[in-house]
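Going letter by letter, the sequence shown gives residues 3 to 872 in this note's numbering.
We treat Cβ as the ideally placed atom computed from N, Cα and C, and that holds for glycine.
Here's the structure we're looking at; comments come further down.
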Amino acid sequence: MAKPVVPASALFLLFSAAALAQNLPSPESVLGHKPGDDFYLANYDESREYFRKLAAASDRVKIVNVGKTTRGLDWEIAIISSPKNLAQLDKYKDISHRLALGRGLDDATAKALSREGKAIVHIDGGLHSTEVAGAQHSIALAWKLVSTKNDPQIDAILDNVILMLWPTLNPDGQNEVVSWYRKNLGTPYEVSPLPDLYQEYVGHDNNRDGYMNNMLESRDVTRTELEWDPVIFYCQHQTAPFPARIFIPPFVEPISSNIHPLMARWLNVLGMNMAAYLDGHDMPGAIHRTGFDNWYPGFLDFTHIFRNSISFFTETALYRYATPHFYTVDEFPKDRAGLRSEVFYSSPWKGGWWRLADAVHYMEGASMSVLDTAARYHEELLFNRYQAARDNISRFQKEPPYAYIIPREQHDGPEAAALVEKLMTNGIEVHVATQPFAASGRQYKDAWVVLMDQPFSPLVKELFEAQRYPEIRDGSNGPPIRPYDVAGWTLPLQMGVETAVVTQPVTPAQRQTLRLLAKSESIPGTVQGTGSVYLLSRQTNQSFAALNAALDAGAQASVGADQFILSGLARERMAQLAAKQSVTLQAADKSTGNPVTTKKPRVGLYRSWNAAIDEGWTRWILENYGFSPTGLRNGDVQSGHLLERFDTILIPDAMPRAIADGFAPGTVPGEFAGGLGETGITALRAFVHGGGTLIAFNNASLFAIEALNLPVTNVVGGLKPEEFFCSGSLLHVELSEEPHIALGGMQHDAAVMFERGPAFDRKPGFQGAVLATYPKDINPLASGYLLHPEKIQGKAAALEVFEGRGRVYLFGFKPQWRGQSHGTYKLIFNAIYDSPALAKPTMAEKKTEAPKPGSTPEKPAAVKSATTDN
Ligand SMILES: [Zn+2]
């Protein structure tokens, strides 16, 4: 009998498909280990290699590049679904996108699309790289989904869900942590803490950049989410509140009222299904409703909920790295030692070994339950997403705020453009008024207009309104429940940008005058007028970037009361500079007043091995504005002669003991132990006494007060949380009426980010200046939560203290908080430029010299108020 004729290519396909099924690479075959093996962690490079091999061998996986990391790695994620779905990814992305935006659809069409669509689900291996199990779980989860055949649950997931699996949300950090662990494995420092920020600049704050998107990684995540429109965003964290094995939703109070209720409800459904799934698969110890709330929108794993994507995280138990640990019930807190079942902790964990494999297994279970729920309810989830968009659009056509206006005329114009850019990065539609836009009795020319009848408007409301943290008490007489993280963040206020609320419906005629912005626009920089000197307003943050760039290019510069004066560069070069930095340079024949010649300050930035996130943020901001700071390790400070190398030294926020003592000896390898110590403190003292400028942020102020024995007290020092509490809120301050170099370009009223910091009183013998004061007669709270405001009313928020020939700036708040408080950046930049070592006073301006020890200056050493003829 003749053989049936089968085309060679078809034969090849049959053959290769069969081969593929048999030759799927297991993690063990590629990595030499199972994910979760004791003492083993795969790094990002190895994980990426594994995912590539898996994708090459399986028709259930596609690799997608989502961008670069800060340290330059290629960032890849895995799209996992049935081969049929993967072949139609564009179609399913399009359906998700149409439902997410909700525009041009009626309910019936949306229903049909929901039925046709697939649930796109984001799951990741976490962004906190010392929480190591997450990135290992991604490998295990991919292997399970790709290698399991003929399993109804997994088949249903593959058919109905398109999984975006991010092996990690922090590739750089995964590599760094694994390399640290490998180096110390088997030594006394096996479980020692990492002496660095595992994500460049931000470390743990990589999860506090959700709406700001300052970091490359955050932008990669936000852009990709906006491209794929997942209905669920689920992020893995560690560690659970002991002795629970995993924290899962529902969260504790409070919750933001700007979250669409369907998202909040589904978040709880996912949590409850997860608990049942874990208990159903022999994973006891899940706990709900403890510790974490749903208040602050800045978490990168949470911001998306304001865009109607159900976003949440879980916290699985962690010992340290891949080292196992044995727990006995004796170690449990008293109220849990009885192993009593609770409503939200129904299967108490009984103790025993806890291994990396257990954490990986729990995470895999939690992820499987999310996929299972998404597979079962994919149609509802897609339709709910449409409903949320539809509701947001119709709600703000019927009730205020109808729109927000960002006027073009601003104290600091480029910051308004920066705010617009932030909104657009977040997928918010922004219009420009081509005709004067009337609202609340004013005409706004050229203004940016944010119409609120758009699908993701809850995010705008969340960012623009003042926060009022609810007073929730533990029982009727209990103390108020305090925020888990920050309580107030109102973005325009932080950025120093004026906005206006539109409280009347936007008319069709008004709408016709609006032009939708396709991409954000920067303020054009220009040179105006004629002359050989160039005046640069001190009002804008960008002016400092321009000043630093000009000095780098060889310009001469001096500091006047309202302006910087630049000279020594050709006009063409000045024009390039103005364009690049979005500033206006006003050419003139000469400057008047009594400007003080300056040069580029040499900035030292203290960098502890006990890595401070605030150091990273400060470094990032200073680099962005061209200050080129030099990192100072303990040894760099201790070796002294600081004045020969630096004009200004900054100490970012950290507790005084952390700065002075660092890591305790024996807890980390020797070279990382210890802090500044007595030698470092002596060197800093000599620096200031000799004429240097020391700047301390937040609790580092207490270190400076102690180290230099400054006549300043902290009025909230020693108060219990129930006597005074403010964990991150915006407070009004009044700036000094006296002209002062540090206040140059600032408006009289400012909002500062107060985050568990000090407030100051002056002691006898104080010499210097009070720069900012919390108002005496009104509650300083502008946005957030402030318990017992009277404790700080009338007290100083920022001081300049004269000491020897130098000075110390004490900021009792965070003028550079998380790269958001643009409105107070100038306080830092001015202070950096306020160094006697820098300033060469002109004949008329002897007052810029610091006072001699013992003298009592009547005025702060400052650039006196001067006027120019421009
Ligand atoms: Zn975490």
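Only exposed fits asparagine 781, as fewer than 16 other CB atoms lie within 10 angstroms of its CB. In summary, lysine 185 is exposed, with fewer than 16 beta-carbon neighbours lying within 10 Å of its beta-carbon over all protein chains present. Taking the CA atoms as reference points, threonine 226 sits about 23 Å from valine 452. When rounded, the separation of the alpha-carbon atoms in glycine 119 and serine 369 is 21 Å. The residues Leu712, Gly770 and Val810, in chain order, have a CB closer than 6 Å to that of valine 803 in the same chain once the five nearest residues on each side in sequence are set aside. Secondary structure at tryptophan 145: helix, using DSSP grouped into helix, strand and coil. Per the Cβ contact rule, the region 624–637 is in contact with the region 602–612 (3 or more Cβ pairs under 8 Å). Using a C-beta cut-off of 8 Å, the region 831–840 makes contact with the region 640–659, since at least three inter-stretch Cβ pairs fall below that distance. Annotated three-state conformation of aspartate 751 is strand, per DSSP.
When the five nearest sequence neighbours on each side are left out, the beta carbons in the same chain lying within less than 6 Å of the beta carbon of phenylalanine 315 are those of Cys237, His239 and Asp303, in order along the chain. Counting along the chain, the unbroken beta strand (DSSP E) around methionine 166 starts and ends at 163–168. Among the bridge pairs identified by DSSP, histidine 327 is matched with Trp356. When DSSP states are grouped into helix, strand and coil, arginine 444 belongs to the strand group. Set against 7 Å, the gap from the CB of glutamate 133 to the closest heavy atom of ligand 1 is smaller.
Contact check between the region 569–587 and the region 520–535: three or more CB pairs, one atom from each, fall below 8 Å, which counts as touching. Using a cutoff of 7 Å, the CB of histidine 239 counts as near ligand 1, since one of the ligand's heavy atoms is closer than that. Around the beta carbon of valine 345, a 10 Å sphere encloses fewer than 16 other beta carbons of the protein chains shown; the residue is thus reported as exposed.
A straight-line Cα-Cα distance of about 11 Å links lysine 86 and isoleucine 164. Per the coordinates, the alpha-carbon of serine 459 lies some 29 Å from the alpha-carbon of isoleucine 79. At least one heavy atom of ligand 1 is found less than 7 Å from the C-beta of histidine 130. By a beta-carbon distance limit of 8 Å, aspartate 295 contacts proline 256. Their separation comes to about 6 Å.
With contacts defined by Cβ atoms closer than 8 Å, proline 654 and alanine 702 form a contacting pair. The alpha-carbon of histidine 99 is positioned some 40 Å away from that of alanine 324. Threonine 132 places its beta carbon 8 Å or farther from that of tyrosine 46.
By the CB criterion at 8 Å, valine 362 and alanine 142 fall inside the cutoff. Secondary structure note for glutamate 423: its alpha helix (DSSP H) is the uninterrupted segment 415–427.
If the five residues before and after glutamate 680 are omitted, its C-beta is found closer than 8 Å to no C-beta atom of its own chain. Take alanine 698, set aside five residues on each side of it, and the residues of its chain with a beta-carbon closer than 6 Å to its own are Ile653, Ala706 and Leu812, in chain order. When beta bridges are read from the DSSP output, aspartate 126 appears opposite Trp168 and Cys237.
Secondary structure of asparagine 67 (DSSP, three-state): strand. Around the beta carbon of histidine 824, 16 or more other beta carbons lie within 10 angstroms, which makes this residue buried. Note on geometry: alpha-carbon atoms of tyrosine 364 and proline 263 lie some 28 Å from one another. Taking every protein chain shown into account, the CB of threonine 170 has 16 or more other CB atoms within 10 angstroms, so this residue is buried. Its chain contains His124, His306, Ser311 and Ser313 as the residues whose beta carbon lies nearer than 6 Å to that of phenylalanine 235, once the 5 sequence neighbours on both sides are disregarded; these appear in chain order.
The three-state reading of DSSP puts glycine 808 in strand, counting E and B together.
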